[in-house]
Amino acid sequence: MPYHVRHLLLPRLAAGDCPPGSRPACRRRPAGGIMAGSRVVSMHWCASTGNIGVDFAREVVMKHRIAVIPGDGIGKEVLPEGMRVLEAAGRRFGFECDWTVFDWSCERFAKTGRMMPEDGLDQLRAFEAIYLGAVGFPGVPDHVSLWGLLIPIRRGFRQYVNLRPVRLLRGVRSPLRDRGPADIDMLIIRENNEGEYSEIGGRLYKDTPEELAVQQAVFTRRGCDRIMRYAFERARQRRRHVTSATKSNGIIHSMPYWDERFAAMAKQYSDVKTAQYHIDILTAHFVQHPDWFDVVVASNLFGDILSDLGPAIAGSIGIAPGGNINPEKEYPSMFEPVHGSAPDIAGKGIANPVAQIWTGAMLIEHLGHAEAAAAIVAAIEKVVEEGRGVTRDLGGKATTREAGEAVAALL
Ligand SMILES: NC(=O)c1ccc[n+]([C@@H]2O[C@H](COP(=O)([O-])OP(=O)(O)OC[C@H]3O[C@@H](n4cnc5c(N)ncnc54)[C@H](O)[C@@H]3O)[C@@H](O)[C@H]2O)c1
Numbered sequence: 000m001p002y003h004v005r006h007l008l009l010p011r012l013a014a015g016d017c018p019p020g021s022r023p024a025c026r027r028r029p030a031g032g033i034m035a036g037s038r039v040v041s042m043h044w045c046a047s048t049g050n051i052g053v054d055f056a057r058e059v060v061m062k063h064r065i066a067v068i069p070g071d072g073i074g075k076e077v078l079p080e081g082m083r084v085l086e087a088a089g090r091r092f093g094f095e096c097d098w099t100v101f102d103w104s105c106e107r108f109a110k111t112g113r114m115m116p117e118d119g120l121d122q123l124r125a126f127e128a129i130y131l132g133a134v135g136f137p138g139v140p141d142h143v144s145l146w147g148l149l150i151p152i153r154r155g156f157r158q159y160v161n162l163r164p165v166r167l168l169r170g171v172r173s174p175l176r177d178r179g180p181a182d183i184d185m186l187i188i189r190e191n192n193e194g195e196y197s198e199i200g201g202r203l204y205k206d207t208p209e210e211l212a213v214q215q216a217v218f219t220r221r222g223c224d225r226i227m228r229y230a231f232e233r234a235r236q237r238r239r240h241v242t243s244a245t246k247s248n249g250i251i252h253s254m255p256y257w258d259e260r261f262a263a264m265a266k267q268y269s270d271v272k273t274a275q276y277h278i279d280i281l282t283a284h285f286v287q288h289p290d291w292f293d294v295v296v297a298s299n300l301f302g303d304i305l306s307d308l309g310p311a312i313a314g315s316i317g318i319a320p321g322g323n324i325n326p327e328k329e330y331p332s333m334f335e336p337v338h339g340s341a342p343d344i345a346g347k348g349i350a351n352p353v354a355q356i357w358t359g360a361m362l363i364e365h366l367g368h369a370e371a372a373a374a375i376v377a378a379i380e381k382v383v384e385e386g387r388g389v390t391r392d393l394g395g396k397a398t399t400r401e402a403g404e405a406v407a408a409l410l
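Each residue of the sequence shown is one higher than the one before, counting from 0 in numbering that gives the first Met the number 0.
Right under this line is the structure:
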């Protein structure tokens, strides 16, 4: 219901609450309206006092259309907890999630021969974001689940940034001795659309002694430049340092080209410091000197490896979030934790939902709710630090559901 709040601090006009006595006589005349956060603010001219007044006319709840793909294994267990926490954040920060759940998974593949329907991308296109658990299950080859679902979505929707924040949370012990939260805080930015993961290639002389396989890597100027630009831009919002993963000593065409584009991009960002390492020594530095890294940019394959190593040094893959981003927002982006479907613990109710919940924070930040995202991450940190409601991979006893409820309760 509209109610009088307080007069704007406008030049020449007195500020202060609209005098209670003037309210019955206050003949409001509309003076316009603006959007402010989740509220539509309407302004009026108060005839009694001569002031411009502000009415918080109504709380506008933004509704976001989100496609949900729980997938397989623990994906089906952790995703409901991610949804629970996003709903709790929505109640506090004024948004609603309009979920549409898709059963696309290995189970579906076993029944229908397809991970998703032929028009899967057309069905997803109308959504603002996709919230995914994990796909993959014994009995269905991993390349089927990857190429039948994840890669078509990442490529079809030009999600060329794979974003994986790696942070050692307070209360989590790193397997690296004497390392604390100040030492491990990096953003791994993996090229997600081309590079080593290409469909180009084939086999010859199958099933003969001359059998051979050829796999083509693809590095385009556009592809390299856009991921590197994204990395430099993100570094500007952080500690202004970008490290590039390369292997230009052994891979003599594509990787020197990657280095060339990195050097060209660095010239455009003279305020950002850079470093470059071959992937082999870079993995060693991740372990020995994690504090050297802020933003790390890497090709599809190298980024894939680093973004599993990163969460490992940050304590547990069960807390590592990820997003496949189309920065231009021409298509929906897809948010999925780094971990897979963990068949070894699936069905036991013990999977850590934190990665999925943190992934949800990334999703809602992408949709414009930075404050809600920060509150979710703060709630995760508090739960983990206090050790209440943590699952056994972090040394606790909570079930997946209890861990999700503990985070939601803090919002
Ligand atoms: N994005 C994806 O959908 C995705 C990513 C990686 C792997 N996969 C698939 O998942 C399946 C299993 O792969 P994997 O075993 O290599 O990797 P995985 O991440 O599923 O599991 C690795 C180990 O980490 C543990 N683990 C993972 N997530 C956890 C969580 N939330 N809480 C507690 N422990 C957790 C598992 O129990 C297991 O011991 C495969 O079919 C693979 O293709 C899918």
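Heads up, the beta-carbon is just placed ideally off N, CA and C, and yes, glycines get one too.
Item	Value
Quick check on the burial criterion: 16 or more other C-beta atoms within 10 angstroms. Buried or exposed for Arg163?	buried
Less than 7 Å separating the Cβ of Ser340 from some heavy atom of ligand 1?	yes
Less than 8 Å between C-beta atoms, sequence neighbours within five positions excluded: which residues of the same chain meet that for Arg239?	Asp270, Val271, Lys272, Asp293
On the three-pair Cβ rule with 8 Å, is the stretch 185 to 196 touching the stretch 152 to 166?	yes
Using DSSP with H/G/I as helix, E/B as strand and the rest coil, what is Glu327?	coil
Rounding to the nearest angstrom, what Cα-Cα distance links Phe285 and Val60 in this structure?	43 Å
Which value, in whole angstroms, describes the spacing of the CA atoms of Asn299 and Ile187?	11 Å
Using the C-alpha atoms, what's the distance from Ile68 back to Pro289?	33 Å
Counting beta carbon pairs with one atom in the stretch 170 to 189 and one in the stretch 395 to 402, are three or more of them shorter than 8 Å?	no
Identify every residue that forms a DSSP beta bridge with His63.	Cys96
In this structure, what does DSSP give as the bridge partners for Asn161?	Arg189, Asn323
Using a Cβ cut-off of 8 Å (strictly closer), state whether Lys381 contacts chain D.	Here there is only one protein chain, and chain D is not present.
Taking the alpha-carbon positions, what's the Glu364 to Ile73 distance?	24 Å
Using C-beta distances below 6 Å, list every residue in its chain close to Gly222, excluding the 5 sequence neighbours before and after it, in chain order.	Glu193
List the whole-angstrom C-beta distance separating Gly200 from Val217, where the pair is believed to meet the contact cut-off of C-beta under 8 Å.	The pair is not a contact, with the Cβ atoms about 10 Å apart (cut-off 8 Å).
Would you tell me roughly how many angstroms separate the C-alpha atoms of Arg233 and Pro137, rounded to the nearest one?	38 Å
If you reduce the DSSP assignment to three classes, tell me which class His142 lands in.	helix
Where does the unbroken beta strand (DSSP E) through Lys272 begin, and where does it stop?	272 to 277
Buried or exposed: where does Arg260 fall if 16 or more other Cβ atoms within 10 Å of its Cβ makes it buried?	buried
Does Glu335 pass the burial test, meaning 16 or more other C-beta atoms within 10 Å, or should it be called exposed?	buried
Which residue's Cα is closest to the Cα of Thr99: Phe92, Arg64, Asp118, Lys110?	Arg64
For Gln236 and Tyr229, what's the separation of their Cα atoms in angstroms?	11 Å
Is any heavy atom of ligand 1 found at a distance shorter than 7 Å from the C-beta of Asp343?	yes
Between Asn351 and ligand 1, is the CB less than 7 Å from at least one heavy atom?	yes
Look up Arg202 in the DSSP assignment and give the residues it is bridged to.	Ala212
Measuring from the CB of Glu259, is there a heavy atom of ligand 1 at a distance below 7 Å?	no
For Ala265, which residues of its own chain have a beta-carbon under 6 Å away from its beta-carbon, when the five flanking residues on both sides are left out?	Thr273
With a threshold of 7 Å (Cβ to nearest heavy atom), would Ala133 be considered close to ligand 1?	yes
Just to confirm before moving on: does the CB-CB distance between Gly147 and Phe108 stay below 8 Å?	yes
In the DSSP assignment, what are the bridge partners of Thr242?	Ala274, Val295
Closest by CA to Arg153, which one among Arg83, Tyr196, Val139, Asp141?	Tyr196
Where does the unbroken alpha helix (DSSP H) through Ile375 begin, and where does it stop?	369 to 385
Under 7 Å Cβ to Cβ from Leu308, same chain only, skipping five residues before and after it: list those, please.	Thr282, Phe285
Would you check whether ligand 1 has a heavy atom nearer than 7 Å to the C-beta of Glu80?	no
Please look up how many angstroms separate the CB atoms of Leu167 and Gly317, rounded, as I've assumed it's under 8 Å.	That pair is no contact at about 14 Å.
Between the C-alpha atoms of Gly367 and Pro310, what's the straight-line distance to the nearest angstrom?	26 Å
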